[in-house]
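Colleague: For the working numbering, count along the sequence shown from 1 and bump the result up by 740.
Glycine included, every Cβ here is placed at the ideal spot set by N, Cα and C.
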Amino acid sequence: MKKEDEFGFEKIIEVYDQKTGMQGVCVIHNTARGPGKGGVRMVPDVTTEEVMGLARAMTWKNAMADLPFGGAKSGIKADPKNMTKQQKEEIVRAFARKIADIIPDEYIAGPDMNMTEVEMAYIADELNDPRAATGKPIEMGGLPHELGSTGYGVALATKIAVEHTGKNIEGMKVAIEGFGNVGTFTMKFLTEMGANVVAVSDSKGTIYNEKGLDYEKLIATKEKKGTVTAYEGNILGTKDIFELNVDILIPGARPNVITETNVNAVKAKYIVEAANLPIPHDVERKLEKRGTVIIPDFVANAGGVISSWCETMGWNKEMMFKMVKDKIEKNTKAMLEQSEDGDTRKAAMGIAKERVEKAMIYRGWLK
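#1: Express the C-alpha separation of residue 1012 and residue 1083 in angstroms, rounding to a whole number.
#2: Looking at the unbroken alpha helix (DSSP H) that takes in residue 860, where does it start and where does it end?
#3: Going by other Cβ atoms of all chains shown within 10 Å of its Cβ, with 16 needed for buried, is residue 851 buried or exposed?
#4: Exposed or buried, what is residue 874 when buried is set at 16 or more other beta-carbons lying within 10 Å of its beta-carbon?
#5: Please return the same chain residues whose Cβ sits closer than 6 Å to the Cβ of residue 819, not counting the five positions on each side in sequence.
#6: Residue 1079 and residue 1092 - do their beta-carbons sit closer together than 8 Å?
#7: Taking the alpha-carbon of residue 953 as reference, which of 969, 817, 944 and 868 has the nearest alpha-carbon?
#8: Under the three-state reduction of DSSP, which class applies to residue 802: helix, strand or coil?
#9: Rounding to the nearest angstrom, what Cα-Cα distance links residue 831 and residue 1033 in this structure?
#10: Please classify residue 1084: does DSSP put it in a helix, a strand, or coil?
#11: Between the Cα of residue 779 and the Cα atoms of 766, 788, 1061 and 1105, which residue gives the shortest distance?
#12: Going by C-alpha to C-alpha distance, which of 1053, 833 and 1089 sits closest to residue 1021?
#13: When the Cα atoms are used, what is the spatial distance from residue 1046 to residue 1026?
#14: Sorted by chain position, which residues of the same chain lie with C-beta nearer than 6 Å to residue 950's C-beta, five sequence neighbours on each side aside?
#15: Excluding sequence positions up to five away, which residues of its chain have a Cβ less than 6 Å from the Cβ of residue 973?
#16: With a CB to CB cut of under 6 Å and the five nearest residues on each side skipped, what residues in its chain are close to residue 749?
#17: If you drop the 5 nearest sequence neighbours on each side, which residues of the same chain put their C-beta closer than 7 Å to that of residue 1063?
#18: Exposed or buried, residue 908, counting other C-beta atoms within 10 Å across all chains shown (16 or more means buried)?
#19: Examine the Cβ distances between the stretch 821-835 and the stretch 796-808 and report whether three or more of them are shorter than 8 Å.
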């Protein structure tokens, strides 16, 4: 990765705590539009370079969502599966102390991989500042991501994409990769819109039932049996979901799942990226040239960060869902209208970069 671009990086802070053994990094890419906003992930193999890439992506996501946030991201190098609840709490609190100087004026934390509302509560409590993190529990004035803001945004972006082509989402067949927070709520809201979710995958495999999957029953099956594949239907491999004969495909778990090797087997006419970077841009272009409509990750999955802004404003759940609806609909439409030759990612990046550049000019950072 190129170390910097014309927009950043502003700060790369690597921290260590001897007592807990905590190793972490916080990267601020650009704060022209406001304090850097981005989640804290806890994974054993996190690297500074990875966090730099994620921080840069947050600059564009926040600008595309038209929020007064810049781009930032953090990582803690630890394996949450190999520690007690108390050890995890000590590590998170140690990380918060080490980056206290930049919170919340330059950085505001949020949930990410293995980091939930519980850990956001630790950060806010450790620094005695509710502004230190978003995605906190409701009891601490938070709007936790567990309310489903990201999945709601993904469902709305899907509906706009379909309507942009003059069609109706009702009865359209949908496949969703991943059945965690984002996947479950995406299914819930798409089902309410009249779409027919026929396939869902988790780490154990894919369940496919061409008649459709019942949301409540699937949730109950996952809770009881630990996997969606225990639901009635055809059990397929985790990668088979991308090749099903569906109208809408929602990659919502891992990066780089549609590549040169399987792109020709993809049949969906609409792909809405709930996960980050599920398809390399050159592969997206191949699909778009075939007539596939793609809603890029940083447009489709911005519901969570819109919810974060609502939390900093002290808004309630109802106000938050209204704001997610307004912003996702407006920004998805703007991107689709401005895309040339179907290149939606290029159009979205153009909108986001223009917004950041204008803020930098106002601040005197750019001439």
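Modeller: In short:
#1: 14 Å
#2: 857-866
#3: buried
#4: buried
#5: 784
#6: no
#7: 969
#8: helix
#9: 43 Å
#10: helix
#11: 766
#12: 1089
#13: 31 Å
#14: 938
#15: 947, 948 and 949
#16: 769
#17: 1046 and 1050
#18: exposed
#19: no
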